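A quick write-up on the structure given underneath.
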Amino acid sequence: MKAFEVLDNFGIENLSSVTRPDPKPGPGEVLVKIKACSLNYRDFLMITGQYNPRQKLPLVPLSDGAGEVVELGPGVKKVRIGDRVCGIFSQGWLAGAPRLENIRETLGGPLDGMISEYRVFPEEGVISFPEHLSYAEASTLPCAGLTAYNAVVTFGELEPGMTVVALGTGGVSLFALQFAKMLGCKTIVTSSSDQKLEKAKSLGADEGINYTAKTNWDREIRKKTDMKGADLIIEVGGAGTLSKSVQSVKPGGIVALIGVVAGGGEANLSLFPILMQGIRIQGVIVGSRSDFERMNLAISRNLMRPVIDRIFPYSEFPKALEYLRDGKHFGKVVIEI
Ligand SMILES: NC(=O)c1ccc[n+]([C@@H]2O[C@H](COP(=O)([O-])OP(=O)(O)OC[C@H]3O[C@@H](n4cnc5c(N)ncnc54)[C@H](OP(=O)(O)O)[C@@H]3O)[C@@H](O)[C@H]2O)c1
Numbered sequence: 001m002k003a004f005e006v007l008d009n010f011g012i013e014n015l016s017s018v019t020r021p022d023p024k025p026g027p028g029e030v031l032v033k034i035k036a037c038s039l040n041y042r043d044f045l046m047i048t049g050q051y052n053p054r055q056k057l058p059l060v061p062l063s064d065g066a067g068e069v070v071e072l073g074p075g076v077k078k079v080r081i082g083d084r085v086c087g088i089f090s091q092g093w094l095a096g097a098p099r100l101e102n103i104r105e106t107l108g109g110p111l112d113g114m115i116s117e118y119r120v121f122p123e124e125g126v127i128s129f130p131e132h133l134s135y136a137e138a139s140t141l142p143c144a145g146l147t148a149y150n151a152v153v154t155f156g157e158l159e160p161g162m163t164v165v166a167l168g169t170g171g172v173s174l175f176a177l178q179f180a181k182m183l184g185c186k187t188i189v190t191s192s193s194d195q196k197l198e199k200a201k202s203l204g205a206d207e208g209i210n211y212t213a214k215t216n217w218d219r220e221i222r223k224k225t226d227m228k229g230a231d232l233i234i235e236v237g238g239a240g241t242l243s244k245s246v247q248s249v250k251p252g253g254i255v256a257l258i259g260v261v262a263g264g265g266e267a268n269l270s271l272f273p274i275l276m277q278g279i280r281i282q283g284v285i286v287g288s289r290s291d292f293e294r295m296n297l298a299i300s301r302n303l304m305r306p307v308i309d310r311i312f313p314y315s316e317f318p319k320a321l322e323y324l325r326d327g328k329h330f331g332k333v334v335i336e337i
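Heads up: the sequence shown begins at 1 in the UniProt record's numbering, then just goes up one per residue.
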């Protein structure tokens, strides 16, 4: 079978399509013919060595993908041939709070990921996805979809009419917008692009703020919430935006700390608003298999469809990564295999 590998050095230029032996499922395992994968910013960081410089190579990248079960190993009970499934981001995290041993077993690093023709999983490592979704749409769920679901639905403590702010118009943020609308919340989206803000409004965003034109976007958020602050911020910027996110949230509100697109490492942050106003900074690390099951139910009942910006063919995987790196996308970038 063919698969992309980061060969012996990090970097998009070191990605190569190679031939690997066709995998066979062992006891309790299933063989999946991968149909589509989606890109996450994490994949870009992993491939360029910024996520984990000690990641062993070669690595098949990409955490997120969907495909069809084509063979079962002995003793498989819950999965059938023909099932349309996604791989689970943290293969061993089935339910409950994150534990070190299972949040480290993630696809696309350290474990081989999804951009290959076939992949073998333990049967618990795959999950059926909502019937109304295509393989391309389903491929966006395991990391971006589930992270947004947990930030908004599990941790958000939201009620209809409350305000959710999503930073940017990338994969996680647009899922968060959709889940927040599902709960009847008011939504504010920020973006570097007025065009993207218009698109976000057509998806249901109530307000848009261009964060490059209005660098004091935290003040804009307060203005748009009667100076009260938002109830939940989907914080994907990290060090570069956290301080302003804290300024944007109401006393007792939640900042769901998810990503680092505007800078990782150490944030220059005043702690006083956090403790004087009882603000909660809630780290989010994707989610478990049982969270995925709950998300699937919500997506099915609401016939929600993930937002796909563009689909690239397998051979253009490096080009697709550059497209993601350059921030041209609105929602998800997908590779069809
Ligand atoms: N903790 C977890 O479990 C988890 C899970 C998934 C993702 N993540 C992390 O979350 C982050 C987002 O991931 P993603 O896959 O959604 O990325 P993505 O699709 O590449 O989207 C990134 C978006 O962020 C926006 N952005 C860039 N700089 C910004 C800034 N200074 N202020 C506000 N927005 C800015 C841009 O929106 P515009 O183009 O509209 O300006 C860009 O499209 C990444 O750091 C990723 O590693 C973490």
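All C-beta atoms in this analysis are idealised placements derived from N, C-alpha and C, irrespective of residue type, glycine included. Computed from a prediction, not measured in an experiment: that's the story for all the values here.
Distance from the C-beta of LYS196 to the nearest heavy atom of ligand 1 is below 7 Å.
In this structure the stretch 27-36 does not touch the stretch 302-309; the number of beta carbon pairs closer than 8 Å is below three.
In the DSSP annotation of this structure, the continuous segment of the beta strand (DSSP E) that includes ALA36 starts and ends at 29-38.
Look at LYS228 here: in three-state DSSP terms it is coil, with no helix or strand label. Listed as beta-bridge partners of CYS143 by DSSP are no residues whatsoever.
Taking the C-beta atoms as reference points, TYR135 is found no nearer than 8 Å to MET295.
Listed in chain order, the non-local C-beta contacts of PHE10 below 7 Å within the same chain comprise ILE47, THR48 and GLY49, local neighbours out to five positions each way being set aside. Assignment of beta-bridge partners to ASN302 by DSSP yields no partner.
Of the residues assessed, ARG80 falls on the exposed side of the cut-off, its CB having fewer than 16 other CB atoms within 10 angstroms. Annotation for ILE285 indicates a beta carbon within 7 Å of some heavy atom of ligand 1.
If you look at GLY65, you'll find it in the beta strand (DSSP E) that goes 64-72.
THR187 has its CB no nearer than 7 Å to any heavy atom of ligand 1. Within the DSSP secondary-structure output, SER116 pairs in a beta bridge with ALA3. By the criterion of a C-beta distance shorter than 6 Å, VAL70 is surrounded in its chain by LEU31 and LYS33, once the five residues flanking it on both sides are discounted.
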